[in-house]
Structures are given as C-alpha cells and as structure tokens.
Amino acid sequence: MVAASERHPKVLIVEDEESLLFTLAHNLKREGYQVLTAARGDDGLRLAREKQPDLIVLDVMLPGIDGIQVCRMLRRDSDVPIIMLTALGGEGDRVAGLDTGADDYMAKPFGMRELMARVRALLRRSGPRAQPDLGPSVIVSGDLALDRERREVTRNGRVLRMKPKEFELLLFFAQHPGKVFTREQILDEVWGYDFYGGPRTVDVHVRWLRQKIEDDPANPARLRTIRGSGYLFEG
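Residue numbers (the UniProt record's numbering): 1 to 235.
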C-alpha cells in the first residue's frame, strides 16, 4: 500500500445537500485531493470501510443512518480523521459529535477556506507523530508494557487493541508518570499545535483508554482526573 504522504490523500464527503456536496467536492479536487462522495449515511459507511479514505467530511443529518451513528460505527475499528458538519449549532450537538469520536466540528454555514485549512491540519496530524528517542524502547508500568517500536501495548501479557491516537496518548502519559497535564497541553503534545479540535477530544480518548487499562474504568486508579487541572498518570 502506498503511504498517504506519497500520493494525493483521499477524502470522503458524506452530505445529502446536493449543492453543498458539489461545492465541497469541487474545492477539494482543486486542492489536489482524491474525492469520494455519498449522499446517504449507509452508503458513506460502506465507502469508508471499502475505500479506506484518509479523512471524512461527515454531515450529521443524513438519510439512511445519521452522521452520529456513522461516526460511532467507524470508531469501533478506525481512527480516520472525521470533520462533522451540521446546521445545528448548539453546544449539545457539538458535544454529541465529539463524544462519538469526531476530530473536528463545523456549523453551517461555514467558510470554504476555513474548512480546507482544517482538512490540511487534520491530514498533517493523522499519521503517527514522531516521538523523541528518549528512554527505553519498551516502557513497563505495573501490568502494562508499551513497545514504542512495535507500537504495541500489552497488559498482563495480553495485547490490547489500540487505535493510533490511543497509543500515542498512552505513550505520552507513560513517559511522564506522576505529572499533571492540562487538556490543552495534551492536545499540543499529542495532536499538535495546529489541531483544530477542542479539549473534549482528550476527554473522549482518555475514556477509551480507561476502558482498556483500568480494572474499574468508572473509578480509575491509573489514569486519574485532577479536578480543575487535567489528567495524571500513575506509573
């Protein structure tokens, strides 16, 4: 398979408003992207799984399956960057989208230049970030072992299935045990300074990690919330 950096990235647009779908596809093609389109949620889900796009622009209100459900189903086995679009601009709708695993959120109407900037930023950050070559290649923390070279996490000898960003977030914490980090600091270190998503992205990924590394995710002992400050990893 040819790496995304060695070809034109592939963007899937799932949007049922015909004029907006055409405009988005036209502008993305002008930027040099390969473009796939779907006007229904179920068709978009099928294309996402079959064609493995590098990024998805996903409307919330769709026939077939709505965008929230599409995002939730994709997040079961994919870390593809997702930008959600909606005519509903309330905070509750934005939170719902981010809670299902979307990376960014834009309320209609939006500026095409801003959307293109967000697409570029997410594509830059969607691949594994380079980690400084500090410390051992395998980090052991209690019953956890993180292999930086193999990008693999085991717990009591059992391999944990990790999405790329989950691994990078856990690695960051494991490299800084006992230190409190704000959500903004974590975004800068793990996602990058030009990431457009908000702190809610960190909360969602922390919740996913706790499901895998904690005995009781509802009462975490290893990856703790420090009220008013952020998160702390107990090494």
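Where a beta carbon is used, it is the ideal one built from N, C-alpha and C, also for glycine.
Since we're looking at a predicted model, the values are computed, not measured.
* **Contacting residues, own chain, Cβ-Cβ under 8 Å from glycine 178 (five flanking each side not counted)** => Leu232, Phe233, Glu234, Gly235
* To do: With DSSP collapsed to three states, give me the class of methionine 106.
  => In the structure shown, methionine 106 adopts extended strand secondary structure according to DSSP, grouped into three states.
* Asked: Is the distance from the Cβ of valine 180 to the Cβ of phenylalanine 167 below 8 Å?
  -> no
* If you drop the 5 nearest sequence neighbours on each side, which residues of the same chain put their C-beta closer than 7 Å to that of threonine 225? -> Around threonine 225: Tyr231.
* Can you give me the Cβ contacts of aspartate 53 inside the same chain, cut-off strictly under 7 Å, excluding the 5 residues immediately before and after it? => First, the amino acid is wrong: residue 53 is proline here, not aspartate. Answer for proline 53: Lys10, Val11, Leu12, Leu36, Val80, listed in chain order.
* To do: Give me the Cβ distance between proline 217 and arginine 210, rounded to the nearest whole Å; I'm assuming they're in contact under 8 Å.
  => 4 Å
* What number of angstroms, rounded off, separates the C-alpha of methionine 106 from the C-alpha of proline 199? -> 16 Å
* Own chain partners of leucine 169 with C-beta closer than 6 Å, once the 5 adjacent residues on each side are dropped -> Val190, His205
* **Limits of the alpha helix (DSSP H) - the one that leucine 170 falls within** => 164-175
* **Whole-angstrom C-beta distance between arginine 155 and isoleucine 213, which should lie under 8 Å** => 7 Å
* Using a threshold of 8 Å, state whether the C-beta atoms of aspartate 147 and valine 138 are closer than that. => yes
* Neighbourhood of alanine 96 by C-beta distance below 8 Å, restricted to the same chain and skipping five residues each side -> Ile68
* Chain-order list of residues whose beta-carbon lies under 8 Å from that of phenylalanine 110 (same chain, five-residue window excluded) -> Leu85
* Extent of the continuous alpha helix (DSSP H) run through glycine 44 -> 41-51
* To do: For methionine 112, I'd like the list of residues in its chain whose CB is within less than 6 Å of its CB, leaving aside the five on either flank, ordered along the chain.
  => Asn27
* In chain order, what residues of the same chain have a beta carbon less than 6 Å from the beta carbon of leucine 24, not counting five sequence neighbours either side? -> Ile13
* To do: Measure the C-alpha to C-alpha separation of leucine 62 and glutamate 15 and round it to an integer number of angstroms.
  => Cα to Cα, the separation comes out at about 7 Å.
* Going by alpha carbons, who is nearest to glycine 157 out of Arg150, Leu144, Arg151? -> The shortest C-alpha separation from glycine 157 is found at Leu144.
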